[in-house]
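Visitor: This is the structure, below, for whatever I ask next.
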Amino acid sequence: SPLRVEHAGDRTVVTLDRPEVRNAIDQATVDALHAVCADLEREPRTLILTGYGGVFASGADIAELRDRRAADARRAINQAVFLRVRALPMPVIAALDGYALGGGAELAYAADLRIATPALKIGNPETGLGILAAAGATWRLPAIVGEARAAEMLLTGRILDADEALSWGLV
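Residue numbers (this note's numbering): 53 to 223.
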């Protein structure tokens, strides 16, 4: 499984566990997150999201993205699961370490709270790939850090370190 799921009474800790690709979010990860959400919708517990190996999530799995077509984009594969995470009826905490980029950042933005280690590097480098951050960053990030800062991050691909993310109110 691309996730390790641990239940501890009042909380569920979900660890993205694909260290060979820096915890990139692929279809199997999306499917596993949907399963976690279904479980939490039935039996609410606080959700803590984290990543294995000093990386939260390096983004969407680029190898899979290359094979996706317009119809896949219209299905909003990652956006749908991030919307579901955001709609959970309990607190969702993203515990961030290392890279939280692209889709990984968008998953973090869907959480109610984001906490970080000093090693955090967070942002949306999609512009460097000629694509847009399309799974929530364009509306969640402005709500978190303000329109001007969000525009700077989204249009330039700027990556914030932990101190900047803290001073901007992102974590």
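Virtual Cβ for every residue (Gly too), placed ideally from N, Cα, C.
I want to know whether the region 172–186 touches the region 136–143 - three or more CB-CB distances under 8 Å.
Guide: No: the two stretches stay apart, fewer than three of their Cβ pairs being nearer than 8 Å.
Visitor: From the DSSP output, in three-state form, read off residue 136 for me.
Guide: Note: residue 136 maps to helix in three-state DSSP.
Visitor: In whole angstroms, what is the alpha-carbon distance linking residue 105 and residue 223?
Guide: Roughly 20 Å separates the two Cα atoms.
Visitor: Is the region 179–197 in contact with the region 149–158, if contact means three or more CB pairs nearer than 8 Å?
Guide: Contact between the region 179–197 and the region 149–158 is present, because at least three Cβ pairs lie under 8 Å.
Visitor: In angstroms with no decimal places, state the Cα-to-Cα distance between residue 211 and residue 65.
Guide: Each residue's alpha carbon lies about 26 Å from the other.
Visitor: In three-state DSSP terms, what is residue 151?
Guide: Three-state result, residue 151: strand.
Visitor: Which residue's Cα is closest to the Cα of residue 75: 111, 143, 142, 85?
Guide: When only C-alpha atoms are compared, the closest one is 111.
Visitor: Tell whether a beta-carbon distance below 9 Å holds between residue 218 and residue 206.
Guide: No; because the gap between Cβ atoms is not below 9 Å, this pair is not in contact.
Visitor: Could you check where the alpha helix (DSSP H) with residue 82 kicks off and where it finishes?
Guide: 79–94 is the span of the alpha helix (DSSP H), which, as asked, contains residue 82.
Visitor: Less than 9 Å between the beta carbons of residue 101 and residue 81, yes or no?
Guide: No; because the gap between Cβ atoms is not below 9 Å, this pair is not in contact.
Visitor: According to DSSP, is residue 207 helix, strand or coil?
Guide: The answer is helix: DSSP assigns residue 207 an H, G or I state.
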